[in-house]
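I have placed the structure first, in the form of structure tokens, so that the comments after it can refer back to it.
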Amino acid sequence: MVLSAISRWLVNPRKNPLAAVHQRVISKRLRNYGLRYDDLYDPYYDLDIKEALSRLPREVVDARNQRLKRALDLSMKHEYLSEEMQVKKEREEREALGALPLYQRTIP
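Sequential numbering of the sequence shown, starting at 11, is according to my numbering.
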């Protein structure tokens, strides 16, 4: 019981500052391949992830699959996505999903 609570605390970035730092470092490394941190969740491992992916719009799932394919290709070639492409792809995905830039958002 106590061990379970400690292990949950260790990996929760909201409660453990070291886990938050680890998540930021991993996210930065994933951006080199054009991935997001959420792309690491495996739908075959966790049924909740599979259900969540099935509820997402088709465009979001397709964009995720495209990012995974591109990352596999770059990894096989031992290359990183160029800095311009990292920023460009992220902006294109946000625009395609209808997300506004942070400074244009308003609180209702």
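A virtual CB, placed ideally from N, CA and C, is assigned to each residue, including glycine.
- Between residue 36 and residue 47, the C-beta spacing is below 8 Å.
- Sorting 56, 104 and 84 by C-alpha distance to the C-alpha of residue 69 places 104 at the top.
- Across the set 65, 56, 12 and 43, the C-alpha of 43 shows the shortest separation from the C-alpha of residue 86.
- Taking 8 Å as the cut-off, the beta carbon of residue 39 is found no closer than this to the beta carbon of residue 96.
- By the CB criterion at 8 Å, residue 29 and residue 23 fall inside the cutoff.
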